[in-house]
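Take a look at the structure below.
Protein chains in written order, with our numbering: chain D, 1 to 706; chain G, 707 to 781.
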C-alpha cells in the first residue's frame, strides 16, 4: 500500500495532525527491534482510496542523538526498509519556522517527494504574521500548505496534495541538493558509489552512510568495514563535518524564512504569558509545591473517581459469576469459567478505571505543556539515581498502579534511564498493597496514639510507603552502577508555550493505553489465572477425596451450617490441592521468614495480584465473606503454631509486611514490562531481584525479632 | 576578548552565543536551533547546579548545567 511518512521536529504538532488524518483508524506498535512507538494509521483520500500513514518519532536532525532519531535515520537512509515512505509530509511549526527546517532540508537531499505542512497557522494568524508560501514553494520546489492541526484548517488541501503526490511523485522531488558538499565530502560520496554492485544512491545518502555506518543495522559487516575505510581514507572528520553541515543549512534557509515571514518579531518579546506562568511554575520554591499539590490531586482523583467504576466492574463480574453458577451444573468446566476465566478477566478489567483516569490527567498535563517543566525541575535529583527528570512521572503514577506507570516511561528516550525507571517503579507501594497492609498492620502495632497526635498504625502505614520509595531510589542507584550504555544522557528539552488541551488528542491517548493494556497484559493475566485456578482446584485425586470426606465428617460432628461446611470444604480442598502441595513444598524455604505453608499458598496465589492475598487467606481460614477484612484478622489472630504460640506474632507479621513491600507479586506488571522492553530478560531480572530483596529483608527481620 | 560561560549569566540577563566549547554538545544544540550568534536570555537557574531555563528567539529550552556550560557567550 502507498505509504506516507509524517516527519518533523518534536512539538511540531505532528501527532495532532496524525490524529486529524486518521482518527481512530490507527494502531501503535514498535519499530522492529526497538521500543520506539510506531504509529500507523489508515487515511481515506478524496478519491476514496485508502493509504497508510506512519507517524515517525519527533526528530531534530538525521545525525541522531537518541533512539528515536536513530530509528528515523535507519528508515529514511535505507530505501529497502519496509517502512520507507513513498512520500513525506513534513510538519513544521510556523511560529518557529527558522528552527524547524533543518530536518526538512536533509530529507529533501535524500530525494524524497515532500509536502511541507506549516502547522499552527491559527496562531500565526492571531499574531498577524504574513506568510508568503510562494517564497517557500519557489525556494524549496515543493508544495507548501498552511494547516492547523488544532482547528482542522487546511487539512483538505493537504489531502489533495497527497493525492497528487501519489499520482506524480516525481513532481514533488527537488532536482538540486540543498546542501553543498565540499570537495572532500564529494570524494567520499564517490567512493561509496564506486562499488560495482552499487544501487543508485545520491551523494547525501552516501555521506550519511559513511558518517553513521555503526548505527545502521541494515548494513552487513563487510559493508560497514568498507564504509569505515572510506571515511578513514578520506580523512573525514565526523563531528566537524556534522557541525559544518548543520551551519550551512541554517545559513541557507534562515534568509528564506525571513523572506517568507516578513513581519516576524525577531527580537525577543519582553514577557509573554508563558513567562509569567513560568515565573511560578519553575520557581525553586513554588515550583515543587505546585508539583506536589498537582500530584496529590491526581492521586486523590485516581482513588476517588475510580472507586465507583471499580465497584461496578467488581459487582458486574460478581453477578456474572452468580449467573453462570445458577444456570450451569457444578462441574470442573463451571469452575474454570467462574473461578478461572471470569475471575481473571475481572482482574484485568478492574484496573481500567485507574489506568484511564491516570492517563487522562497525565495527558492533560502533557498537552498544556506542564510536563516539560516538571521534568526540568526534577532532572537534577533524578540524575543522582541514574534516572531522568521524566522518571518522576512514572514513580508518582506507581503509587496508583505500576502498570500505567511502566507504560508512561516511553517518554524517556535514553535507554538506560528508561530501563532503570521501569525496573524500580514497582517498588512504589501501589493501591493493590493497601488491603494487605490493612490486614497485617494490626499484628505489628496496636491501634494506639503516639505523642497524642499520631496514630501508631498510620505511622507504620506511612513507613511502608517510605520504605518502597527508599527501595526504588536505592535500587536505581545500584542499577545505575551496573548498567552500561554508550548513549549519552541528555536533558535538552523545549519548554513549549502553555496552551489549552485538545480533548480529541487526550481521548485518543487514553483509548490507546487502555486498549493496549487490555489486549497485551490481559492475554498473559488470563493464562496465569487459569493456571492458578487449576492448581488451587485440583490435586492428587486420593488426597482430594480424603480432604472432602474429612471435611464432611467434621461438618457432621460439629453440626455446621451449610455455609460453614462449604467454607470448611474449601479450606480442606485447597490444602489437598496442587497449590497446597506447592505451599507445603516451599514451606522449608519460607520457614526461616516465619511463614507456614498456608502463608506459602497465599504468596503463590498473590502472584496473580497482591490483593488476592486477602481472598486466599479467607479461603484457607474458611471465612465466607471475603469483604470483611476484620473477621479475617480475628481468625488469623487465633491461628496458633504447634507450640501454642500465635502464628501472626510481631515478627511474622512484620516479616510478611516487608515481603509485600518489596516482592514482585504482580504478573500484570511483569507482562507490561515484557511488552515495554521487548524481552523476557528484564521482567526476569526484576522478578528475581525484587523477590531476593523481599526474601532477605523478611529473613533478617524475622531472625532478629523472633 | 575572552568569552564567558553562559552559566555566568545572572537570571534575566541577556547574552549572544559566541561558540561552543564541546563539539558533541554543539551538534546537538545546533540541531535544536541554538546557534552561534543567537541572542539568549537566562530565565531561570535552578539552585545547586540544577538545570537552566533559557529563552532563545522566543523559544524556551531547558538544559542541564553541564550542557549549558558548553555554551560560550560574547562578553
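Ideal Cβ placement from N, Cα and C applies to all residues, glycine included.
Every value quoted in this text rests on a predicted model; they were computed, and no experiment measured them.
Shown here for residue 63 of chain D: same chain residues with a beta carbon closer than 6 Å to its own, the five before and five after excluded, namely 242 in chain order. Around residue 550 of chain D, the same chain offers 572 as residues with beta carbons nearer than 8 Å, after the five sequence neighbours per side are excluded. The Cβ-Cβ distance between residue 207 of chain D and residue 119 of chain D does not fall below 9 Å. Residues of chain G whose Cβ lies closer than 7 Å to the Cβ of residue 242 of chain D are, in chain order, 733. Contact annotation: residue 668 of chain D and residue 362 of chain D have beta-carbon atoms that are not nearer than 9 Å. Under the 8 Å Cβ criterion, the region 225 to 233 of chain D does not count as touching the region 707 to 725 of chain G, having fewer than three qualifying pairs. In the three-state DSSP reduction, residue 29 of chain D falls in the strand class (E or B).
Bounds of the beta strand (DSSP E) holding residue 43 of chain D are 37 to 44. Spatial neighbours of residue 49 of chain D in its own chain (CB-CB distance under 6 Å, excluding positions within 5 residues in sequence) are not present.
Closest option to residue 757 of chain G, judged by alpha-carbon separation, among D:372, D:461, D:331, D:102: D:372. Bounds of the beta strand (DSSP E) holding residue 748 of chain G are 745 to 751. In summary, residue 726 of chain G is buried, with 16 or more beta-carbon neighbours lying within 10 Å of its beta-carbon over all protein chains present. DSSP places residue 722 of chain G in no alpha helix (DSSP H) but in the uninterrupted beta strand (DSSP E) bounded by 720 to 726.
Only residues of its own chain outside the window of five on either side were considered, and among them 762, 763, 765 have a CB closer than 8 Å to the CB of residue 739 of chain G, listed in chain order. Around the beta carbon of residue 639 of chain D, fewer than 16 other beta carbons sit within 10 angstroms, so the residue counts as exposed.
The Cβ neighbour count for residue 83 of chain D, taken over all protein chains shown within 10 Å, is at least 16; the residue is labelled buried. Contact annotation for residue 709 of chain G against chain D: no contact, minimum CB-CB distance about 17 Å [criterion: below 7 Å]. About 4 Å separates the CB atoms of residue 583 of chain D and residue 601 of chain D; that is less than 8 Å, so the two are in contact. The beta carbon of residue 766 of chain G sits closer than 9 Å to some beta carbon of chain D. Residue 43 of chain D sits away from residue 7 of chain D, with the two beta carbons spaced by 9 Å or more.
Comparing alpha carbon positions, the residue from D:121, D:116, D:106, D:144 closest to residue 180 of chain D is D:106. A direct Cα-Cα distance of roughly 47 Å separates residue 378 of chain D from residue 338 of chain D. Classified as buried, residue 497 of chain D has 16 or more neighbouring CB atoms from the shown chains inside 10 Å of its CB.
In the DSSP secondary-structure assignment, residue 454 of chain D is bridged to D:450. Leaving aside the five residues that flank residue 310 of chain D on each side, the residues in its chain whose CB is nearer than 8 Å to its CB run, in chain order, 350, 353, 354. For residue 759 of chain G, the secondary structure class from DSSP, reduced to helix, strand or coil, is strand. Neighbours of residue 246 of chain D across chain G, judged by C-beta separation under 7 Å: 733, 736, 737. Using a Cβ-Cβ cut-off of 7 Å, residue 250 of chain D is close to 741 of chain G, given in chain order. Contact check for residue 141 of chain D against residue 174 of chain D passes: the beta carbons are separated by less than 9 Å. A buried status is given to residue 529 of chain D, since no fewer than 16 other beta-carbon atoms sit within 10 Å of its beta-carbon. Residue pairing from DSSP leaves residue 551 of chain D without any beta-bridge partner.
For residue 8 of chain D, the three-state secondary structure derived from DSSP is strand.
Judged by DSSP secondary structure, residue 55 of chain D falls within the beta strand (DSSP E) whose first and last residues are 50 to 55. Non-local C-beta neighbours of residue 72 of chain D in its own chain, meaning closer than 8 Å and more than five positions away in sequence, comprise 7, 56, 57, 59, 62, 64, ordered along the chain. Distance between residue 132 of chain D and residue 97 of chain D, taken at the CA atoms: about 13 Å.
Residue 645 of chain D sits in coil when the DSSP states are folded into three classes, being neither helix nor strand.
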